[in-house]
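Take the sequence shown: its letters are residues -23 to -1, 1 to 430, numbered as in mature numbering (1 follows the signal peptide of the UniProt record, and there is no 0).
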Amino acid sequence: MLRRRFVMGSAAAAVGVSGVVAAACAGPGGSGSGGSGDKAPTIGARDVTLSWEVEMQPDVLSRVPAFLAEWTQKYPRVKIDAQHFDGGDGQKIQKMLTLAAAGTPVDVVGKLTYIQPLAAPGGALPLEPLIKRDKYDVSKYNKGWLTSFGTHQDKLYSLPYGMGGSAMVWVYNRAHFQEVGLKEPSADWKNPWTWEDFRQAAMRLTKRDGDTITRAGVEQFGNQYFSLPYPWGGQWLKADHKTSTADAPEMVEAYTRYLDLIFKDRVTTISPGGENLGTLHNRFYDGKVSMHYILGSRLPAFTDPAVHKVDYAMAPFPKGTLPNAPAASGDIDTNQLALGNQKTAEESWAFTKWLLEKARYAIFSDRMPTLTEDASAWAREAFKRVPATARVDVLVNAIASARPNDPVRSHVKVDQISSEAMNPAWNDMRAQKVAVKDALADAKRKIQGIIGS
């Protein structure tokens, strides 16, 4: 299943035409409203309460006042109202657009992965005027992330504060590698192991009792739609959001090689015979699989030896087999900060910069920071109980190496594309009902029909 859900069709129906939302978010301006002039106005000169959209459970929300103490002391007249929004991106966006259409837009967007479905109907403000005026340095961010997560129609609407992802890096059981005499893979994203290295390792690490896999060499490959094509540079949709590339050579090669790993080599946890290895994630902790990936939400587990329990080390993604395979990259996404209300744009922008400063928001929300310098300091603290042999630098260096996500993930019809094209293609390929090339060609035809409708 997709980790991020967008239901923009229903969102649009809930709030009416996008012009209503745009008008509500733009507002009449006025004292303290932002984006104009060469000099920023004084923050804190008027009483204002900013609504801050977050995803925090009650125990975390209860700690927000303490987290905001420094801000409150500096700007006592600018109060912050943290509001928990349930659900995935789609549900959050629908609620935000509904509030905007009612004339009460969220001031600071604090928990979305893709800003495009909110920006498209006018639910977010472009940041360039404020960035340019304040000479705010965005060059320190991964440019691909700014594009794939925060840019709509060539305008930047958000800045990333925290990292997650379907498969940020790979981890492996060091004892298993030593047991079978395998050399540990390269820790260098610029010179990573190859897919063939990865495959050979999985084959040597796998143990069987007859047809039963008692230890799998490798876990399933993160998210089968998005993580898997990374080593080859495959993607379902071009950046123009108009052209599907589902049957491109990179995609065909990715799925062919992966299905070989599952059915021909039979070395994965989802191969025939691997049904009794335990549950996802736990089977790595329990030594039932030798190579695994780190899912963003599971990152904290690898900071605690009592949870992960094995002597592990991190490794980059393998490089694909085609001659034109791109540099290695993890399947990483980021959480965004954005502005939703022109009337409070100046205060909201000041609060956004405060949240980004020293990676405050990322650390408070238990996320890995998006800037390498901040992430390095965070990692030293977060992984202080983990031995140096874990090679945590691989995770930190993944920031500079990360490529933009597949553009289909920010398309407003990604839910429909997933359910009507991607899911059926994968199900048919995994069931070995249809050849890879034919399944992907059919998916392309369906995707073109969806995005053209």
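The beta-carbon is built from N, C-alpha and C at its ideal position, and this holds for glycine as well.
Quick caveat, the model's predicted, so the values are computed rather than measured.
- Contact between the region 183 to 196 and the region 249 to 257 is established, with three or more Cβ pairs separated by less than 8 angstroms.
- By DSSP's assignment, residue 290 forms a beta bridge with 149.
- Boundaries of the alpha helix (DSSP H) around residue 51: 46 to 51.
- When rounded, the separation of the alpha-carbon atoms in residue 162 and residue 402 is 32 angstroms.
- Taking residue 164 as the centre and dropping the five residues before and after it, the same chain places the C-beta of 368, 371 closer than 6 angstroms to its C-beta, in chain order.
- Per DSSP, the unbroken beta strand (DSSP E) holding residue 30 starts and ends at 25 to 31.
- In this model, residue 114 and residue 333 are separated by some 12 angstroms (Cα to Cα).
- If you ignore the 5 residues before and after residue 96, its C-beta comes within less than 6 angstroms of the C-beta of 129, 134, all in its own chain and listed in chain order.
- Under the three-state reduction of DSSP output, residue 342 falls in the coil class, being neither helix nor strand.
- Check the Cα spacing between residue 388 and each of 356, 428, 407: the tightest is with 428.
- Here residue 312 is buried. Its C-beta has 16 or more other C-beta atoms within 10 Å.
- Contact between the region 218 to 235 and the region 141 to 150 is absent: fewer than 3 CB-CB pairs across the two stretches fall below 8 angstroms.
- With contacts defined as CB atoms closer than 7 angstroms, residue 321 and residue 27 qualify as a contacting pair.
- Residue nearest to residue 122 within the set 399, 410, 381, 426 is 381 (criterion: CA-CA distance).
- With fewer than three CB-CB distances shorter than 8 angstroms, the region 54 to 61 does not count as touching the region 353 to 367.
- Looking at 316, 398, 430, 345, the one whose alpha-carbon comes closest to that of residue 127 is 316.
- According to DSSP, residue 311 shares a beta bridge with 140.
- By the beta-carbon neighbour count (other beta carbons within 10 angstroms, threshold 16), residue 80 is exposed.
- Relative to the Cα of residue 264, the nearest Cα in the group 292, 245, 286, 278 belongs to 286.
- Out of 82, 49, 24, 90, the CA that lies nearest to the CA of residue 32 is found in 90.
- Rounded to whole angstroms, the gap between the alpha carbons of residue 336 and residue 118 is 13 angstroms.
- If you check the CB distance, residue 295 and residue 170 come in under 7 angstroms.
- Nearest C-alpha to residue 84 among 172, 348, 195, 327: 327.
- Membership of residue 88 in the beta strand (DSSP E) is indicated by the continuous run 85 to 89.
- Membership of residue 184 in the beta strand (DSSP E) is indicated by the continuous run 184 to 186.
- Taken in chain order, the unbroken stretches of alpha helix (DSSP H) that lie wholly in the region 145 to 227 and span 4 residues or more are 151 to 156, 172 to 182.
- Residue 237 has its alpha-carbon roughly 27 angstroms from the corresponding atom of residue 378.
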